[in-house]
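Numbering (full-length UniProt numbering), first residue to last: 1 to 143.
Backbone N, C-alpha and C define an ideal beta-carbon position, used for all residues, glycine too.
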């Protein structure tokens with residue numbers, strides 16, 4: 001099965017266009033920009049699951065599979081992998097649509113770890129799944 005036939009796992013959380021200002025010296029989109037977009041999407045997912053403020057504490061297993069080019073639409077998909085008492089792991093996949101209308105392929109994936117915090121910046125318990133609003137759990141089925 002080709003990469004373009006494989007479906008993204010998780011919920012489409014953010015989408016943006018890669019711009020010329022975000023390129024590295026080789027003319028590809030800078031990897032740090034892609035990681036930043038992934039962290040933003042993972043933070044949205046984690047914040048909704050925690051129903052509180054969250055902070056990124058670790059990034060594990062980052063894989064850059066293909067370069068991102070100027071004009072590509074970057075879609076970032078997220079899913080909750082695991083939840084502890086105050087922390088959670090969010091799996092993130094970044095996919096592009098080449099040249100805004102071209103074929104689709106996965107370019108990056110990584111596991112982001114977040115901790116839920118209260119207004120004082122102290123870790124706080126993450127609610128049980130059954131206590132969450134519907135918008136948080138709806139759409140997280142496997143595709």
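How would you write the range of the alpha helix (DSSP H) that residue 73 sits in, first residue to last? It is not in any alpha helix (DSSP H) - residue 73 instead sits in the beta strand (DSSP E) that spans 73 to 83.
Minimum C-alpha distance to residue 75 - residue among 16, 98 and 25: Measuring from the Cα of residue 75, the nearest candidate turns out to be 16.
For residue 62, collect the residues of the same chain with a Cβ closer than 6 Å to its Cβ; drop the 5 residues on either side in sequence, then sort them by chain order. Same-chain partners within the cutoff: 110.
Go ahead and label residue 87 buried or exposed: buried means 16 or more other beta carbons lie within 10 angstroms of its beta carbon, across all protein chains shown. Burial call: buried.
Going by other Cβ atoms of all chains shown within 10 Å of its Cβ, with 16 needed for buried, is residue 18 buried or exposed? Per the 10 Å Cβ criterion, buried.
So for residue 119, helix, strand or coil by DSSP? Residue 119: coil per DSSP, three-state reduction.
Residue 19, enclosing beta strand (DSSP E) - first and last residue: No beta strand (DSSP E) holds residue 19; DSSP gives it neither H nor E.
Residue 84 classed as buried or exposed, judged by whether at least 16 other C-beta atoms fall within 10 angstroms: By the neighbour-count rule (16 or more Cβ atoms within 10 Å), residue 84 is not buried but exposed.
Can you tell which of 117, 46 and 92 has its C-alpha closest to the C-alpha of residue 35? Out of 117, 46 and 92, 92 has the C-alpha closest to the C-alpha of residue 35.
Would you mind giving the Cβ-Cβ distance between residue 108 and residue 65, rounded to the nearest angstrom? I have them listed as a contact below 8 Å. About 6 Å; that satisfies the 8 Å criterion.
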